[in-house]
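*Asks:* In this note's numbering, the protein residues as written are 7 to 406. A virtual CB, placed ideally from N, CA and C, is assigned to each residue, including glycine.
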């Protein structure tokens, strides 16, 4: 089993909070990670997709009281939303008994609704952690191309062949469209949503034209916005916001849209392997989305991620504002050499970043100019992880 980078984060949150909610798309490895954590301490596990397990919670307060000395893992907790109000009372009673941490690990696949429910009912009692599919720091450096082509979902990445990986991803897409999304409530024709999902894959990294997509799908612009909100909520799509600075230049204010897993992008585009990907017109956008998703995933908490673009062509693919205010400007190139465009230099003059990088598809690290360094995605992710580790160490008092 590939160790998950987020494991230690979840353990730390459980040591500080009575409840932790682990968010992530289906099949990203939440259940496997939670069972590994639960195996290290007295625990009880309930899969709330299972009718028999839901029956055990016919009287949830009594069940939780019987297991108050254990870590209770509730998988697919969004299927029983009434539990959040029950958990509030259970946690408060436990606190009065001196049981203040390590009580509940909740797993869910839909982020916005779960965060709203947990925020309303469990404010001050719950910590949120997001589990992404496999990322660059979790695999060998030699596997970067494989990770890009297949994506990070464990069953896809670890498949015996590209063909088997593609079959798994197609089944994943079909299951989401035909079962998972209808189970969450929205009544959307599966074929319509698949077409919308495929359109997003074709314009990976672009500013989507809602009116054009609405016309193609024969729906309204508001319906397109609702579809996009749903895909973001399911942690399948990322909306990257524009980064604003004080300048008189005319800025692009619409967000850019990325499918969060490159393997799903390639499945929707019908791209089976690396050779086909390199020859596909969406290759550059796919690499850009792959790099951005991996770098945001390892960024320190409270980081702000966005992009910078003006109407005159000045552009930075990813602007990271780290806690403390330090700004990094990151340009992404799908080739194995790095030659920044004039627009990147102009954008850096506007944003005034503390550090500037070109992330390319090669492995070498070298200076491009006095202020810009070329790095691989593996080295860039490690660079950001070092910042996260330093900030965590600084936040822990000596002896803690």
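Does DSSP put residue 321 in a helix, a strand or coil?
*Replies:* Residue numbering aside, residue 321 sits at position 315 when the chain shown is read from its first letter. Residue 321 falls in the strand class under three-state DSSP.
*Asks:* Suppose you measure from the CA of residue 389 to the CA of residue 216; what does that come to, to the nearest Å?
*Replies:* As a working mapping, residue 389 is identified with position 383 in the chain shown. As a working mapping, residue 216 is identified with position 210 in the chain shown. Roughly 37 Å between the two C-alpha positions.
*Asks:* Which residues does DSSP list as the beta-bridge partners of residue 364?
*Replies:* Residue numbering aside, residue 364 sits at position 358 when the chain shown is read from its first letter. According to DSSP, residue 364 bridges with 337, 380.
*Asks:* Taking Cβ positions, are residue 409 and residue 131 nearer each other than 8 Å?
*Replies:* Missing from the structure shown is residue 409; the chain here goes from 7 to 406 and no further.
*Asks:* Within the same chain, show all residues whose beta-carbon is closer than 6 Å to that of residue 207, passing over the 5 residues directly before and after it, in chain order.
*Replies:* In the chain shown, the residue the question calls residue 207 occupies position 201. The residues are 265, 271, 274, 275.
*Asks:* Determine the direct distance from the alpha carbon of residue 323 to that of residue 381, and round the result to whole angstroms.
*Replies:* On the chain shown, position 375 is the one that residue 381 refers to. On the chain shown, position 317 is the one that residue 323 refers to. Rounded to the nearest angstrom, the two C-alpha atoms are 15 Å apart.
*Asks:* Counting contacts by CB-CB distance shorter than 8 Å, is residue 319 in contact with chain B?
*Replies:* This model lacks chain B altogether, as it is built from one protein chain only.
*Asks:* Check whether the Cβ atoms of residue 18 and residue 35 sit closer than 8 Å, and answer yes or no.
*Replies:* On the chain shown, residue 18 is found 12 positions in, with the first residue counted as 1. On the chain shown, residue 35 is found 29 positions in, with the first residue counted as 1. Contact: no.
*Asks:* Return the CA-CA distance between residue 86 and residue 196, expressed in angstroms with no decimal places.
*Replies:* To locate residue 86, count along the chain shown from 1; it is residue 80. To locate residue 196, count along the chain shown from 1; it is residue 190. Going from the Cα of residue 86 to the Cα of residue 196 covers about 24 Å.
*Asks:* Can you list, in chain order, the residues of its chain whose CB lies under 6 Å from that of residue 3, leaving out five sequence neighbours each side?
*Replies:* The shown model of the chain, from 7 to 406, leaves out residue 3, and the question about it has no answer.
*Asks:* If you draw a straight line from the C-alpha of residue 332 to the C-alpha of residue 25, how long is it?
*Replies:* For the purposes of this step, residue 332 is taken as the residue at position 326 of the chain shown. For the purposes of this step, residue 25 is taken as the residue at position 19 of the chain shown. Their backbone Cα atoms lie some 32 Å apart in a straight line.
*Asks:* Can you have a look at residue 162 and say buried or exposed, based on whether 16 or more other CB atoms are within 10 angstroms of its CB?
*Replies:* Stepping through the chain shown from its first residue, residue 162 is reached at position 156. By the 10 Å Cβ count, residue 162 comes out buried.
*Asks:* Would you mind stating whether residue 393 and residue 365 have Cβ atoms separated by less than 8 Å?
*Replies:* Position 387 of the chain shown holds residue 393. Position 359 of the chain shown holds residue 365. Result no, Cβ atoms of residue 393 and residue 365 do not sit closer than 8 Å.
*Asks:* Could you tell me the alpha carbon to alpha carbon distance between residue 403 and residue 22, rounded to whole angstroms?
*Replies:* The residue given as residue 403 occupies position 397 in the chain shown. The residue given as residue 22 occupies position 16 in the chain shown. Any reading at residue 403 must be qualified, since the residue scores a pLDDT of 48, below 50, and its modelled position is unreliable; the value itself is stated next. Roughly 15 Å between the two C-alpha positions.
*Asks:* Do residue 93 and residue 453 have their beta-carbon atoms positioned less than 8 Å apart in this structure?
*Replies:* Residue 453 is absent from the model: the chain starts at 7 and stops at 406.
*Asks:* I need the DSSP call for residue 392, collapsed to helix, strand or coil.
*Replies:* Looking up residue 392 in the chain shown gives position 386. DSSP places residue 392 in helix when its eight states are reduced to three.
*Asks:* Restricting to Cα atoms, I'd like to know which of 250, 302, 279, 110 is closest to residue 133.
*Replies:* As a working mapping, residue 133 is identified with position 127 in the chain shown. When each option's Cα is compared against that of residue 133, the closest is 110.
*Asks:* Tell me the rounded alpha-carbon separation between residue 406 and residue 108.
*Replies:* Looking up residue 406 in the chain shown gives position 400. Looking up residue 108 in the chain shown gives position 102. At residue 406 the pLDDT is 47, less than 50, meaning the model places this residue with poor confidence and gives no usable figure here.
*Asks:* Between which two residues does the beta strand (DSSP E) carrying residue 133 extend?
*Replies:* Mapped onto the chain shown, residue 133 falls at position 127. Looking at the DSSP string, the run of the beta strand (DSSP E) that includes residue 133 is 132 to 136.
*Asks:* On the three-state DSSP scale, how would you describe residue 289?
*Replies:* As a working mapping, residue 289 is identified with position 283 in the chain shown. Here residue 289 sits in helix by DSSP.
*Asks:* Residues in its own chain within less than 7 Å of residue 267 by CB, not counting five upstream and five downstream?
*Replies:* For the purposes of this step, residue 267 is identified with residue 261 of the chain shown, where counting begins at 1. Contacts found: 139, 157, 158, 159.
*Asks:* Tell me whether the stretch 70 to 77 and the stretch 47 to 61 touch, counting them as touching only if at least three CB pairs, one residue from each stretch, are closer than 8 Å.
*Replies:* Yes, they touch.
*Asks:* Pick out the complete beta strand (DSSP E) segments inside the stretch 218 to 254, 3 residues or longer, and give them in chain order.
*Replies:* Complete beta strand (DSSP E) runs here, min 3: 243 to 246.
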